[in-house]
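Undergrad: If you use the working numbering, the first sequence corresponds to residues 6 to 472, in order. Beta carbons are placed, not taken as given, at the ideal position from N, Cα and C, and that holds for glycine. Provided herewith is a single structure, encoded as structure tokens, for subsequent inquiry.
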Amino acid sequence: MKLYNTLTRRKEEFVPIEEGKVKMYVCGPTVYNYIHIGNARPYVTFDTVRRYMEYKGYEVTYIQNFTDVDDKIIKKANEENTTMEVISNRYIEECFRDADGLHVKRATHHPRVTEEMDYIIEMISELIEKGHAYEDKGTVYFNTKSFPEYGKLSKKNLDELIAGASDRVAVDDAKKNPTDFVLWKPFKPGEPKWKSPWGEGRPGWHIECSVMAKRYLGPTIDIHAGGEDLVFPHHENEIAQSEACNGVPFAKYWIHNGFITVDNEKMSKSAGNFFTVRDIAAEFPYEVIRFFILNGQYRSPINFSRELMESCQNGLERIKNCKKDLAYYIENCTDTELKENENVDEIEKFRAQFEEAMDDDFNTADAVSTVYELVRFINKNSKDGVSKAYAQKEMDMFKALTTILGIAEDVEVEEDEDTAKIEELIAKRAEAKKNKDFAAADSIREELTAMGITIKDTRQGVQWFRG
RNA sequence: GGCGCCAUCGCCAAGUGGUAAGGCACGGGUCUGCAACACCCUUACCCCCGGUUCAAAUCCGGGUGGCGCCUCCA
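Structure, rendered in structure tokens:
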């Protein structure tokens, strides 16, 4: 399995630190609003990486934080005349709803900054002791000049950064270097605050990830992931903090997802050209959003558009139809003995093709096309008279691949109070068709359509499903 | 200004030296009472100009166009 490591700018063979185990940290969102589809990309991408690793037999410890202390959350709380806690709790909950909809599995832990304050203070203290940080009137800064490798992830030269920073970064006389960043800042009236050796205040943004990664995964982790805009300064600063403090490499592999754009421009909350996952989910099933994200290689930008979403929805539909048909065959075919041995061998080839794609830096676009090829193969080979055993083999392969991608998971018809009524209408329609009363048959079909039920007349009988 | 990415069919997208996967949409057909589903068929001189090579979408040089980071941001 190869993955593209931002640190070396090359595809590298994945070798875990500890055999059979993967320690993975993914930067999570600041919770002051619903997540947008840009946030959804790392969610889906790295969830898929995790699923594939688990499929390969690794035991994955997956950590994703919530930043629940931040200016934007405080601002929102003030606007609504409530507390930061209320805001962050609300959007963490909403975030989970969206993540669940996107079939993103829960992380092993979802630490929150507010619950890690002691450890944050501990790491800042250690950095001061080791001469990598300094305090000035209640503000603690990281001294970037104390870490010679500063810039190694983003390939930036510290001297050039310092030279260029003067006209970009806010002038701050207390800083020893313009590139130094805040680890702890004193509170302002009306802001939440925590006690620390440097007075009451709150942590800077970067320190939290260093702390949480260390606490839940140890000083050196296998994979650190996030959006490509986090490479500098966030991830660069994390490396500086963690390695200066711990004295060992922070992360072996750094992987970064590309952006989702709108009209080919970066989508962001600050630019205002963003769509929340919730908004899109009102128009398309959540699963289509996931499929849309998987449609491209994770490092390439993808341009969000309604046209593309529709295209993805249609394609996903085809994949899901295949599963519905398969489920139907398994349920109804009478021949139990396996007799399609040569096809079973053919089916195994799709697994190999799929793995080859995923092993090459998680090429989900190629993996998806393998699923399409599998679908066509299944559709061609599960006509009349297939054996139940064979249909089950097809289903097993279908599920193996789609489960890794996290798609087509819930197509089974759920029994509910409407089921009996639907069956009754279908029976009535069959009766009408038998009597060549097509007008009546069509009107029943329209009635079912109005209920959100689609029916298909197959040689084996009538199939129906929701949606 | 510094660093970096991208350009393949109407749309999306694989392919990184051996003669263009796959999906959506479009057109034609089979099946069907009709429809839906499904299947079959059809659709590309790989942004431009040079170069290397027996061979280049793929490597090198030069253009053109687009984008990102350097500031909170997935």
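1. So within the segment 218 to 273, which uninterrupted alpha helix (DSSP H) runs reach at least 4 residues, ignoring any that extend past its ends?
2. Are Gly206 and Pro194 close, meaning C-beta to C-beta below 8 Å?
3. Identify whether Leu12 lies in helix, strand or coil by the three-state DSSP scheme.
4. Near Val282, which residues of its chain fall below 8 Å by C-beta distance, leaving aside the five closest residues on each side in sequence?
5. Could you give the residue range of the alpha helix (DSSP H) that holds Leu430?
6. Tell me whether Asn368 sits in a helix, a strand or coil according to DSSP, three-state version.
7. Give me, in chain order, the residues of the same chain whose beta-carbon lies closer than 6 Å to that of Phe443; leave out the 5 immediate sequence neighbours on both sides.
8. Among Asn308, Ala249, Val236, Leu235, which residue has its Cα nearest to the Cα of Glu270?
9. Nearest by alpha-carbon distance to Val109: which of Ala230, Gly411, Tyr9 is it?
10. For a test of the three-state rule: what should DSSP assign to His114, helix, strand or coil?
11. Indicate whether Leu343 and Ala394 have their beta-carbon atoms separated by less than 8 Å.
12. At which residue ranges does the segment 281 to 338 contain complete alpha helix (DSSP H) runs of 4 or more residues, listed in the order of the chain?
13. Kindly list the residues whose CB is nearer than 6 Å to the CB of Glu99, restricted to its own chain and excluding five residues on each side of it in sequence; keep chain order.
14. DSSP beta-bridge partners for Asp141?
15. What's the C-alpha gap between Met122 and His229?
16. Where Thr424 and Gly301 are concerned, what is the direct C-alpha to C-alpha distance, given to the nearest angstrom?
17. I think Phe71 touches Arg111, with their Cβ atoms under 8 Å apart; what is that distance to the nearest whole Å?
18. Suppose you measure from the CA of Glu312 to the CA of Val373; what does that come to, to the nearest Å?
19. In the DSSP assignment, the alpha helix (DSSP H) including Tyr1 goes from what residue to what residue?
20. Hey, would you say Val36 sits closer than 8 Å to Ser93, going by beta carbons?
21. On the CB-based measure, 16 or more other CB atoms within 10 Å of its CB, does Gly33 come out buried or exposed?
22. Which residues mark the beginning and the end of the alpha helix (DSSP H) in which Leu453 is found?
23. What does DSSP give as the partner residues of Tyr67 in its beta bridges?
24. What residue range does the beta strand (DSSP E) around Leu410 cover?
25. The beta strand (DSSP E) that contains Leu188, what's its start and end?
26. Do Leu166 and Thr66 count as a contact pair if the criterion is CB distance below 8 Å?
27. Among Tyr155, Pro197, Glu322, Arg356, which has the Cα closest to the Cα of Thr119?
28. Relative to the C-alpha of Pro183, which candidate in Lys200, Trp210, Pro238 has its C-alpha closest?
29. Short of 6 Å in beta carbon distance, which residues of its chain neighbour Ala413, apart from the five on each side in sequence? Order them along the chain.
30. Do Gly232 and His211 have their beta-carbon atoms positioned less than 8 Å apart in this structure?
31. What is the rounded straight-line gap between the Cα of Asn348 and the Cα of Ile383?
32. Applying the criterion that 16 or more other CB atoms from any shown protein chain within 10 Å of the CB defines a buried residue, is Glu399 buried or exposed?
33. Who pairs with Lys344 in a beta bridge, going by DSSP?
34. If you follow the beta strand (DSSP E) that Asp462 is in, where does it begin and where does it stop?
35. Any idea what DSSP makes of Gly169, helix, strand or coil?
36. What does DSSP give as the partner residue(s) for Val91 in the beta ladder?
TA: In short:
1. 241 to 251
2. no
3. coil
4. Tyr39, Ile40, His41, Ile42, Asn44, Ala45, Asp103, Gly106, Leu107, Tyr291, Ile294
5. 424 to 439
6. coil
7. none
8. Asn308
9. Gly411
10. strand
11. yes
12. 282 to 288, 291 to 299, 311 to 337
13. Tyr39
14. Thr144
15. 22 Å
16. 38 Å
17. At roughly 12 Å, the Cβ-Cβ gap does not stay under 8 Å, so Phe71 and Arg111 are not in contact.
18. 19 Å
19. With the chain covering only 6 through 472, there is no way to say anything about residue 1.
20. yes
21. buried
22. 443 to 455
23. Met29
24. Segment 393 to 410 is the alpha helix (DSSP H) holding Leu410; no beta strand (DSSP E) there.
25. 186 to 191
26. no
27. Pro197
28. Pro238
29. Ile324, Lys325, Lys328, Thr407
30. no
31. 9 Å
32. buried
33. None, per the DSSP bridge assignment.
34. 458 to 463
35. helix
36. BP columns for Val91 are empty, so no partner.
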